[in-house]
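Undergrad: Going down the list, the sequences are from chains A and B. Mind the numbering: the first sequence is residues 11 to 107 in this note's numbering, read in order. Mind the numbering: the second sequence is residues 496 to 745 in this note's numbering, read in order.
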Amino acid sequence: MTATAEEWPLWEVFIRGQHGMSHRHVGSLHAADEDAAMNNARDVYTRRGEGVSIWVVESRHITASSPDAKGPMYEPADSKVYRHPTFFDIPDDVGAM
Amino acid sequence: MDPLFEFLLRQGDNTLVLGHRISEWCGKAPVLEEDIALANTALDLIGQTQMWLGYAAEVEGAGRTADDLAFLRDAWDFRNLLLLERPNGDFGHTMMRQFLFDAYQIQNLKALEASSDPRIAEIAVKSGKEATYHLDRSRDTVIALGDGTSESNARMQSALDALWPYAGEMFLADEIDQAMAADHIAPLPLEYRAPWEAAVLPALAAAALKVPQDDFAHQGGKTGRRHSEHLGHMLATMQVLQRSYPGATW
């Protein structure tokens with residue numbers, strides 16, 4: 011038995027809604043360890059049948075871009091319309107892209 | 496008294512009384528995540544109650560509904576285990592009670608899946624998935640708190656000491672159980688004891704808890720002969736609306 015921190019660590023929760031779709035960030039929660047985080051994610055975020063797969067990751071493991079770097083990070087892409095694949099006609103029967 | 500009706504009341508009253516007890520935590524559990532988890536468990540149990548008591552009402556054939564059985568019977572007509580009407584105590588106490596019951600209920604439901612009564616088998620299959628998750632969660636929590644800090648360990652030990660004498664009633668049989676076994680509707684509850692111990696004892700060891708050595712078992716809940724005073728208080732809260740405004744709906 012060891013002394014524990016006052017607050018449980020924060021976890022980010024990702025849920026896949028249905029087969030074939032990717033996991034999406036749905037929110038965060040507190041839990042003592044990964045098993046508890048998984049259980050809590052199930053109870054907090056899948057109560058209404060939202061998902062078939064859950065990922066949890068401790069928030070401190072996520073490296074986030076800095077809001078200060080917005081200019082150099084994203085603005086250069088704004089002036090390069092030729093990178094968008096909007097110049098092609100997509101046949102209707104391809105479905106969602 | 497129809498033994499099948501009595502048996503179904505026992506199943507339904509177990510889930511009803513525990514479900515209501517758990518719902519008492521709604522809005523005041525120690526952390527938000529546990530609050531929602533307990534509310535989910537309570538709703539699972541109340542949903543199972545609708546199936547058990549709904550079938551009980553059909554078997555009785557007296558024109559009563561599941562709601563009538565839940566809200567218009569008095570304490571002496573309830574057939575739940577004494578363990579489940581115990582007050583919640585602290586969060587650890589609640590989770591210990593949940594664990595001791597979940598480990599039993601999973602055996603009970605597994606056996607009932609093979610019941611000669613197809614309706615019972617159907618309800619058992621549907622309830623079994625929920626019960627499997629309940630057991631996972633309550634076992635993890637009991638181990639985490641037992642093997643946690645010295646305070647959480649002491650609280651879990653006192654919960655175990657207080658609740659252990661109420662575990663034995665789960666495995667006692669009377670003439671109702673004999674009748675169910677004879678008709679292959681359900682096995683004798685004693686058959687659940689070995690698998691229950693195989694699930695419970697290692698978890699309690701992992702939780703660094705000492706199992707009480709006294710086998711004394713309080714009884715009188717499932718037969719309805721001697722409920723504790725706690726059930727009447729609980730029912731007063733649970734039933735007040737239907738008692739005050741008979742037939743009220745929304």
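Here a beta-carbon is modelled for each residue, glycine too, at the ideal position from N, C-alpha and C.
Where B/LEU504 and A/SER75 are concerned, what is the direct C-alpha to C-alpha distance, given to the nearest angstrom?
TA: Along the second sequence, read from residue 1 onward, the residue named residue 504 of chain B stands at position 9. Along the first sequence, read from residue 1 onward, the residue named residue 75 of chain A stands at position 65. One C-alpha to the other measures close to 59 Å.
Undergrad: Locate the alpha helix (DSSP H) running through B/GLU686, then write down its first and last residues.
TA: Start at 1 with the first residue of the second sequence, and residue 686 of chain B comes out as number 191. Counting along the chain, B/GLU686 falls outside any alpha helix (DSSP H), and DSSP gives it neither H nor E.
Undergrad: To the nearest angstrom, report how far apart A/PRO82 and A/ILE72 are at their CA atoms.
TA: Position 72 of the first sequence, counting from 1, holds the residue named residue 82 of chain A. Position 62 of the first sequence, counting from 1, holds the residue named residue 72 of chain A. For A/PRO82 and A/ILE72, the distance between alpha carbons rounds to 21 Å.
Undergrad: If I follow the unbroken alpha helix (DSSP H) through B/TRP547, where does it start and stop?
TA: Indexing the second sequence from 1 puts residue 547 of chain B at position 52. Element bounds for B/TRP547: 527-555.
Undergrad: Should B/PRO684 go down as buried or exposed, given a rule of 16 or more other Cβ atoms within 10 Å for buried?
TA: Taking the first residue of the second sequence as position 1, residue 684 of chain B is located at position 189. Buried, because 16 or more other Cβ atoms sit within 10 Å of the Cβ of B/PRO684.
Undergrad: Bridge partners of B/THR518, per DSSP?
TA: To locate residue 518 of chain B, count along the second sequence from 1; it is residue 23. For the record, residue 518 of chain B in the displayed sequence is Ser; it is not Thr. DSSP lists no partner for B/SER518.
Undergrad: Consult DSSP for B/GLY641 and reduce its assignment to one of helix, strand or coil.
TA: As a first step, residue 641 of chain B must be located in the second sequence, where it is residue number 146. The answer is helix: DSSP assigns B/GLY641 an H, G or I state.
Undergrad: Would A/ALA41 pass as an interface residue toward chain B - the criterion being a Cβ-Cβ separation below 8 Å?
TA: As a position in the first sequence, residue 41 of chain A is number 31, starting the count at 1. Chain B contact via Cβ: present.
Undergrad: Flag this pair as touching only if the segment 50-58 of chain A and the segment 19-27 of chain A have three or more C-beta atom pairs under 8 Å; answer yes or no.
TA: Short answer: they touch.
Undergrad: State yes or no: is the beta carbon of B/ILE541 nearer than 8 Å to at least one beta carbon in chain A?
TA: Taking the second sequence and counting its residues from 1, one reaches residue 541 of chain B at position 46. Judged by the 8 Å Cβ criterion, B/ILE541 is not in contact with chain A.
Undergrad: For A/PHE24, list the residues DSSP reports as bridge partners.
TA: The sequence position of residue 24 of chain A within the first sequence is 14, counting from 1. DSSP lists A/HIS35, A/TRP65 as partners of A/PHE24.
Undergrad: Taking 8 Å as the CB-CB cut-off, is A/ASP57 touching chain B?
TA: The residue given as residue 57 of chain A occupies position 47 in the first sequence. Looking at the sequence itself, residue 57 of chain A is Arg, so the reference to Asp does not match. Cβ-Cβ to chain B under 8 Å: yes for A/ARG57.
Undergrad: What are the boundary residues of the alpha helix (DSSP H) that B/LYS605 is part of?
TA: If you number the second sequence from 1, residue 605 of chain B lands on position 110. It spans 586-607 - the alpha helix (DSSP H) in which B/LYS605 sits, taken as one unbroken run.
Undergrad: Is there at least one Cβ from chain A nearer than 8 Å to B/GLU528's Cβ?
TA: Counted from its first residue, the second sequence places residue 528 of chain B at position 33. Closer than 8 Å to some Cβ of chain A, the Cβ of B/GLU528 qualifies, so yes.
Undergrad: Using a C-beta to C-beta distance shorter than 7 Å, which residues of chain B count as neighbours of A/VAL54?
TA: Translated into the one-based positions of the first sequence, residue 54 of chain A becomes position 44. Correct list: GLU528, ILE531.
Undergrad: Who does A/HIS40 pair with in a DSSP beta bridge?
TA: Here residue 40 of chain A refers to the residue found at position 30 when the first sequence is read from its first residue. According to DSSP, which records beta bridges pairwise, A/HIS40 is partnered with A/LEU20.
Undergrad: According to DSSP, is A/SER89 part of a helix, a strand, or is it coil?
TA: In the first sequence, the residue the question calls residue 89 of chain A occupies position 79. Three-state result, A/SER89: coil.
Undergrad: With distances taken Cα to Cα, identify the nearest neighbour of B/PHE711 among B/TYR687, B/SER518, B/TRP659.
TA: For this step, residue 711 of chain B is matched to residue 216 along the second sequence. Comparing Cα positions, the closest option is B/TRP659.
Undergrad: Using a Cβ-Cβ distance cut-off of 8 Å, determine whether A/ASP99 contacts chain B.
TA: Within the first sequence, residue 99 of chain A is the residue found at index 89, counting from 1. Chain B contact via Cβ: absent.
Undergrad: In chain order, what residues of the same chain have a beta carbon less than 7 Å from the beta carbon of A/ALA42, not counting five sequence neighbours either side?
TA: If you number the first sequence from 1, residue 42 of chain A lands on position 32. Excluding positions up to five away in sequence, the list reads TRP18.
Undergrad: Since B/ALA654 meets chain A, which of its residues come closer than 8 Å, beta carbon to beta carbon?
TA: By one-based count along the second sequence, residue 654 of chain B stands at place 159. Residues of chain A passing the Cβ test: none, with the nearest at roughly 17 Å.
Undergrad: If you pair each beta-carbon of the segment 717-736 of chain B with each one of the segment 574-581 of chain B, do three or more pairs fall below 8 Å?
TA: The segment 717-736 of chain B vs the segment 574-581 of chain B: in contact.
Undergrad: Determine the extent of the alpha helix (DSSP H) in which B/THR732 is found, giving its start and end residues.
TA: As a first step, residue 732 of chain B is located in the second sequence; it is residue number 237 there, counting from the start. Here the alpha helix (DSSP H) through B/THR732 covers 724-739.
Undergrad: If you reduce the DSSP assignment to three classes, tell me which class B/PHE500 lands in.
TA: On the second sequence, position 5 is the one that residue 500 of chain B refers to. B/PHE500: helix per DSSP, three-state reduction.
Undergrad: Would you be able to state if there are at least three C-beta pairs under 8 Å between the segment 701-719 of chain B and the segment 599-615 of chain B?
TA: No, because fewer than three Cβ pairs between the segment 599-615 of chain B and the segment 701-719 of chain B fall closer than 8 Å, the two stretches do not touch.
Undergrad: Return the residue from the list A/GLU68, A/SER63, A/SER69 that minimises the CA-CA distance to A/SER32.
TA: Here the question's residue 32 of chain A lines up with position 22 in the first sequence. Residue A/SER63 is the option with its Cα nearest to A/SER32.
Undergrad: Can you tell which of B/SER653, B/ASP563, B/HIS629, B/THR718 has the C-alpha that lies nearest to the C-alpha of B/PRO741?
TA: Stepping through the second sequence from its first residue, residue 741 of chain B is reached at position 246. Taking only the C-alpha atoms, the option nearest B/PRO741 is B/ASP563.
Undergrad: By Cβ distance, which residues of its chain are closer than 6 Å to B/LEU499, with the 5 residues on each side in sequence left out?
TA: By 1-based counting over the second sequence, the position of residue 499 of chain B is 4. For B/LEU499, where only same-chain residues beyond five positions count, the Cβ hits under 6 Å are VAL554.
Undergrad: Would you mind sorting B/ASP569 into buried or exposed? The rule is 16 or more other CB atoms within 10 Å of its CB.
TA: Residue mapping note: residue 569 of chain B aligns to position 74 of the second sequence, counting from 1. Counting Cβ neighbours within 10 Å, B/ASP569 comes out exposed, since fewer than 16 surround it.
Undergrad: For B/GLU528, does the count of other Cβ atoms within 10 angstroms reach 16, so buried, or fall short, so exposed?
TA: Locating residue 528 of chain B in the second sequence gives position 33, where the first residue counts as 1. Buried: at least 16 other Cβ atoms inside 10 Å.
Undergrad: In terms of alpha-carbon separation, which member of B/GLN593, B/LEU630, B/GLU670 lies closest to B/TYR661?
TA: The residue you call residue 661 of chain B lines up with position 166 of the second sequence. Checking every option, the nearest Cα to that of B/TYR661 belongs to B/GLN593.
Undergrad: Just verifying my parser: in three-state terms, what is the DSSP assignment at B/VAL646?
TA: In the second sequence, residue 646 of chain B corresponds to position 151, counting from 1. Note that residue 646 of chain B is Glu in the sequence shown here, rather than Val. B/GLU646 falls in the helix class under three-state DSSP.
Undergrad: Does any C-beta atom of chain B lie closer than 8 Å to the C-beta of A/ALA46?
TA: Counting from 1 along the first sequence, the entry for residue 46 of chain A is found at position 36. Closer than 8 Å: yes.
Undergrad: Closer than 7 Å, Cβ to any Cβ of chain A: which residues of the segment 583-608 of chain B, in chain order?
TA: The segment 583-608 of chain B vs chain A, Cβ under 7 Å: nothing.
Undergrad: Say whether chain A places a C-beta atom closer than 8 Å to the C-beta of B/LEU513.
TA: For this step, residue 513 of chain B is matched to residue 18 along the second sequence. It does not; no Cβ of chain A falls within 8 Å.
Undergrad: Under a CB-based cut-off of 8 Å, is B/ASN575 close to chain A?
TA: Against the second sequence, residue 575 of chain B aligns to sequence position 80. False, the Cβ-Cβ gap to chain A never drops below 8 Å.
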